[in-house]
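To start, the structure under review is shown below, and the notes come after it.
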Amino acid sequence: MKIPYLLALLTYLPAAGGILVLLVNGAQEKVIRWFAFLLSAAVFVLSLLLVASYPLPAAGYVLEETLGWLQVPQLGITHHMGVDGVNLFLVLLTTFLTPIAILSSFTAVHRKVQSYYALLLFLETGMLGVFLALDLVLFYLFWEVTLVPMYLLIGIWGGERRIYAAVKFILYTMVGSLLMLVAILYLHLQTGTGSFDLLRIAGQLSSGAAALTRTQELWLFLAFFVAFAIKVPLFPFHTWLPDAHVEAPTAGSILLAGVLLKMGAYGILRFCLPLFPHASTAFAPLISLLAVIGIIYGALVALVQTDMKKLIAYSSVSHLGFVVLGIFSFSLQGLQGASYQMLNHGISTGALFLIVGILYERRHTRRIEEFGGIARSMPHYAAATLIIALSSIGLPGLNGFVGEFLILLGSFAKNSALTAVAVTGVFFSAAYLLWMYQRVYFGPLTRDENRQLADLDRREWACLIPLILMAVWMGIYSQPFLQRMEGASRNILHPIQSNQLVAREASPDFRPAASPKPAAGESRIAPEPRSFPHE
Amino acid sequence: MTVPIIYYLGLSALLFALGSVGLLLKRNLLVQFMCVELMLNAANLAFVAFSQGRADGSVIVFIVMAVAAAEAGVGLALVVVLFRNRNSLDSEDFRLMKG
Amino acid sequence: MSDWFWIIPFFPLAGFLVLGLVGRRLPVAAVSLTACGSVALSFVTALFSWQALLRQPDEARFFSQRLFTWIAAGNFQADFSFGLNPLSMVMVLVITGVGLLIHIYSTGYMHGDPGYPRFFAYLNLFLFAMLTLVMAENYLLLFVGWEGVGLCSYLLIGFWFEKPAAASAGKKAFLVNRIGDAAFLLGLFLLFYQFGTLDFRGIEHALHSEPLHFPVETGQIGTLTLTALLLFVGAVGKSAQIPLYVWLPDAMEGPTPVSALIHAATMVTAGIYLVVRSSALFTRAPLAMETVAVVGMLTAVFAATIGLVQRDIKRVLAYSTVSQLGYMFAAVGVGAFVGGMFHLVTHAFFKALLFLGAGSVIHGLHGEQDLFHMGNLRKQMPRTFAVMLVGMLAIAGVPGLSGFFSKDEILWKLFSSGHTWLWIAGLAGAAMTAFYTARLILLAFGSRPHGEEAHGHAAHESPAVMVVPLVILALLSIAAGWIGLPAWLGTNHLEEFLSPALAVHAEGAHGAGSHSTEIAAAALSSGIALLGIGAALLFYFYRRLDPDALAGRFPFLYRLLRNKYWVDELYRGVFVQPCLWISRRVFWLYWDQEVIDGLVNGTGRILAGAGNILRRLQSGSVRDYAAWLCAGALTVLLYLLIV
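Chains as they are written, first to last, in our numbering: chain F, 1 to 535; chain P, 536 to 634; chain D, 635 to 1277.
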């Protein structure tokens, strides 16, 4: 089945729904939230068409469209969108998490309901636009569009320090995105194609029709990268995240952690690497170092948090460190692992915020010491939490492991010492989550308030089960995802690797210094995979 | 014989200076208003002086006069309304826009 | 059968799914039936597979079944593929066999517990993970099982999660294991970059292929040594060796069948299995082998000394387990892979027996675990006493029982391979083993000295479902030695069966030494075992010697042992507390909140301050604006005039 302008339809359908929600007068709260939920669910179903129409194996953009009537040709801006293996699953992640986020707010939000659901829908449009846009200006527009609903969601429906958090959130990200805007304009002028189209600019640069000097490339890379690094967030640009998460309403946290953070890593993949291969290579050691610091640092700080949401927020810093490490390993495993880990993090951390939100609705506190022993009063809830926590820890058989393993495998070839440090993150992630789990769920039930807690109801199960199923599925059967990511990942790596080959004659193969040298004239057995037949 | 252009310009500068000094020093709105008119006419004088033998400067003078008339109408109306509301024409009393 | 062998792990998985999803709604009998039935099916399938395996010629004794691709990226690929070779077959038989007995026992032991279905769900999940571990065809799938058993261990140690000690012990076990797992992962990366695959057979193939690409790394620390050592660190965590043994004694907070199954018979032996399975790799890295042997023997002696003075019946057994695992590592470290596996099998029987017997005692005494509060149980619990006596004699190494043969083979291999110091340490450890197990039996079942009240009045013998598995295990503990007789007595069937799967035949681990030396060594070690038992009799039966007086003579030594060398306190003080302090004070409160947020908020404050100054320009007075206008115009004029 072919739907014309599927991408644009996907992108703008939620916003149209949002406008509708704002326009109707005096509708019941129940009607509004069901409308929002069903609309976002419909968008999800629609987005599944993208997978259905995705041929295997595919390398480039399998779906590309330009809206004729929505462009400014004089300025070189076009409404150009496309899907390839890199953004396909991020789009799906967005459409998958939004209905869950909406469903999770049914009982939590009773104030200004119309604006609340409308903003969630606007946010979805913004996020989808960011992932789909292939025009720099269009990308920038959507990038900014996501800020406003999130700012309002935190600022209006947030916790006690919501104003501080909202302002911090928007200022932090604005600083980055302004740098990016400047870089976009400069790049546009410098390449002289008269176009903001990503593919055209990238084509010009890689074919040599337009060239950047080394200094120009370094600065442009930095301007883009800082914008993305703040969003990721990469250490040391991370301090907005704990505040924003703690104050945001549950749905906001789910989407913030689940999708918005991925925009940063996605931007690096989509723009930094293909456009500035030399600069990416030059900065890779530094960025990898920051990523590893983030992995360890985020985990250690998460260890000592007293607020559950803050703990999970810091764990995001740690997990996204893995993603950045994988990207800058410039290996296929690292890149695919990073793409996979983005999805994992969206699912696991989204679910963790959902779980904390469920508890917060019942007890109106997130302080760890207020709890203890609630596995007795809420056994189902405890079981669901455990599965999600284990997936976040990276237990093999659940989704987190596949991503982490591939990332570490890929980055080990590039820098084994740094990877050895990053591997300790595996230990610390278990430490902070299991310690929290012990303090919240285990032990005797000491407080009377905790004795009466009701276990999960049907709506909450409906939110959690899809997430749990995805965690199990992606942990056991990763091929449908990895296969579709592979071609696009190769495309991204291509300019970098050709650049590396020029830069130094060495092949990217791992050659340990102390390994036995094969005799002259012999070739090593490694790394010829599957050379051993399977009976 | 023609009067050298420097005399016109000198008079224009003098008028302009008088107008701006008055604008800065006087606190009465009406007086300030008249000072602005003085400055406008100083500019007019300069235009006319420069347009000796040509028409374009004179055209601008007419435009300025027309605008000045309109401005005088609106401005005076505002002054009247201000006086009715605040019972004063001292410009120091109107600082609602203080940052 | 060779087509269907891979279904072995999936029976327990099905059992787990049923019990986990609907177990709370099922009647108790149905729960027991599901749990035990699934394991029984696995066991029967394993028996058939074993027969099928035996029918194959020696060099073709392996089954392999690829189910589907799990992860593939670039040139990396890992499948869900299960296999059986003689080595994993032995493990599968032990796991399903002992597992079945312990499941049956647990239906009695856990009777009436509110978490009954949950307990069996975890137990079934454990068996699934453990079977995955030993049947995996590649290191990554092995790691799935490896972590899976760790998870089940976590869940089962913390089964009574309302007890803070249990919850904390579970977490400790998981975290300590994770340290080893991190090293394990690094080992996997090294393996992949050397061999291009993580398949066992691919790696073995590469290692054995001619011409030799990977020569033995004698006298140097090469990549193979590093790989082997990293894998060994993983094994150290899982098999509770120095320095990562600290979790196992605490793990005794879990229900006793769990201690028997997971923390004695199966999971903790996974480390030995890993090393034996990687024997091709380890034999190329002599330095790693030496490390394995030394760490193993150190642990064996170290843990035995702690076991001498513990009061908690389960903790004595826990330290004993650590110690026995040390013996196994010492064996594989000197290349006696078969000896290590042999001890693994016999240990699974007699240690499970001892644990279950201890469980029977605890059950009979309604939860009492302190040896010094027991006594006189011989009369109240005669059957338990009889089987525990068998277990004790077996572990002590009394001639004729299984433990004698397996331990003797290890000691002999230590001696004959020239590791005399390790051999002497092993003999000392054997004496201590005999002593502390005899002490345990005497304190629990023997009569109390005069003037001390025995607490055994209310004790009752356990029901038949608990006693029958004990009897079967006791029979196995007696007879299992005959599968691996020393050369002077008969054939070593185990060695014949295992050697196709091992690297020993290539490396020739048979040390020098005549039969007469071997017999003399066996006589020496059995003499030493009897010596240990005799000493225990003097202390706790004849009471010729007073343990308290001895403790008084060497107060420091006694306190050192009683407090387990203060290792837990050391770890807490050196690693845990500083880590938390730095994380809180330095990273979070100082760096995040002071420095970074200080910079961010500082930037904000500077901008706000600048705005505060500039807003004064907006006075609201028309004349001020006019003045600024004039000033601006004059500035422009001046600029034009000057430039």
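By construction, the Cβ of each residue, glycine as well, lies at the ideal position given by its N, Cα and C atoms.
- Counting every other CB atom within 10 Å of its CB across the protein chains shown gives residue 110 (chain F) a total below 16, marking it as exposed.
- Comparing alpha-carbon positions, the option among D:924, D:977, D:1097 and D:995 lying closest to residue 1056 (chain D) turns out to be D:924.
- Membership of residue 714 (chain D) in the beta strand (DSSP E) is indicated by the continuous run 710-718.
- Residues of chain D whose Cβ lies closer than 8 Å to the Cβ of residue 632 (chain P) are, in chain order, 1252 and 1254.
- Residue-level contact check: residue 481 (chain F) does not touch chain D, since none of the beta carbons of chain D fall below 7 Å from its beta carbon.
- At a cut-off of 7 Å between beta-carbon atoms, residue 106 (chain F) makes no contact with chain D.
- Three or more Cβ pairs closer than 8 Å define a contact, and the region 661-669 of chain D meets that threshold against the region 639-653 of chain D.
- Within chain F, the C-beta atoms nearer than 7 Å to that of residue 805 (chain D) come from 434, 435 and 438, in chain order.
- Rounded to whole angstroms, the gap between the alpha carbons of residue 1060 (chain D) and residue 935 (chain D) is 7 Å.
- The Cβ of residue 204 (chain F) sits no closer than 7 Å to any Cβ of chain D.
- Inter-residue distance for residue 115 (chain F) and residue 150 (chain F) is about 12 Å (C-alpha atoms, whole angstroms).
- Think of a sphere of 7 Å around the beta carbon of residue 297 (chain F): the chain D residues whose beta carbon falls inside it are 1221, in chain order.
- Sequence-distant partners of residue 216 (chain F) (beyond 5 residues in either direction) whose C-beta falls short of 7 Å from its own C-beta, in its chain, are 190.
- DSSP places residue 876 (chain D) in the coil class of the three-state scheme, outside both helix and strand.
- At a cut-off of 7 Å between C-beta atoms, residue 778 (chain D) counts as an interface residue with respect to chain F.
- Per the coordinates, the alpha-carbon of residue 1017 (chain D) lies some 53 Å from the alpha-carbon of residue 826 (chain D).
- Close partners of residue 802 (chain D) in chain F (Cβ separation under 7 Å): 438.
- Taking residue 879 (chain D) as the centre and dropping the five residues before and after it, the same chain places the C-beta of 956 closer than 6 Å to its C-beta, in chain order.
- Relative to the Cα of residue 20 (chain F), the nearest Cα in the group F:7, F:97, F:371 and F:117 belongs to F:117.
- A Cβ-Cβ separation of about 7 Å places residue 712 (chain D) in contact with residue 775 (chain D) under the 8 Å criterion.
- Look at residue 328 (chain F) here: in three-state DSSP terms it is coil, with no helix or strand label.
- Its chain contains 347 as the residues whose beta carbon lies nearer than 6 Å to that of residue 470 (chain F), once the 5 sequence neighbours on both sides are disregarded; these appear in chain order.
- Two segments are said to touch when three or more pairs of C-beta atoms, one from each, lie closer than 8 Å; by this definition the region 246-266 of chain F does not touch the region 198-205 of chain F.
- Between residue 176 (chain F) and residue 230 (chain F), the CB-CB gap stays under 7 Å.
- Under the DSSP assignment, residue 702 (chain D) falls outside any alpha helix (DSSP H), being part of the beta strand (DSSP E) whose first and last residues are 697-707.
- With a threshold of 7 Å between beta carbons, residue 132 (chain F) makes no contact with chain D.
- Residue 739 (chain D) and residue 979 (chain D) have their C-alpha atoms roughly 20 Å apart.
- Annotation: residue 907 (chain D) has no Cβ neighbours in chain F at a cutoff of 8 Å; minimum Cβ distance is about 17 Å.
- The Cβ-Cβ distance between residue 340 (chain F) and residue 455 (chain F) does not fall below 7 Å.
- In the DSSP annotation of this structure, residue 855 (chain D) is not part of any alpha helix (DSSP H), being labelled neither H nor E.
- If you draw a straight line from the Cα of residue 781 (chain D) to the Cα of residue 903 (chain D), it is about 14 Å long.
- Contact annotation: the region 1005-1025 of chain D touches the region 1102-1117 of chain D, with at least three C-beta pairs closer than 8 Å.
- Taking 7 Å as the CB threshold, residue 11 (chain F) stays off the interface with chain D.
- Within the same chain, Cβ atoms closer than 7 Å to the Cβ of residue 672 (chain D) are found at 645, 646, 648, 649 and 758, the five residues on either side in sequence being excluded.
- Residue 398 (chain F) and residue 92 (chain F) have their C-alpha atoms spaced approximately 19 Å apart.
- Residue-level contact check: residue 555 (chain P) touches chain D, since one or more beta carbons of chain D fall below 7 Å from its beta carbon.
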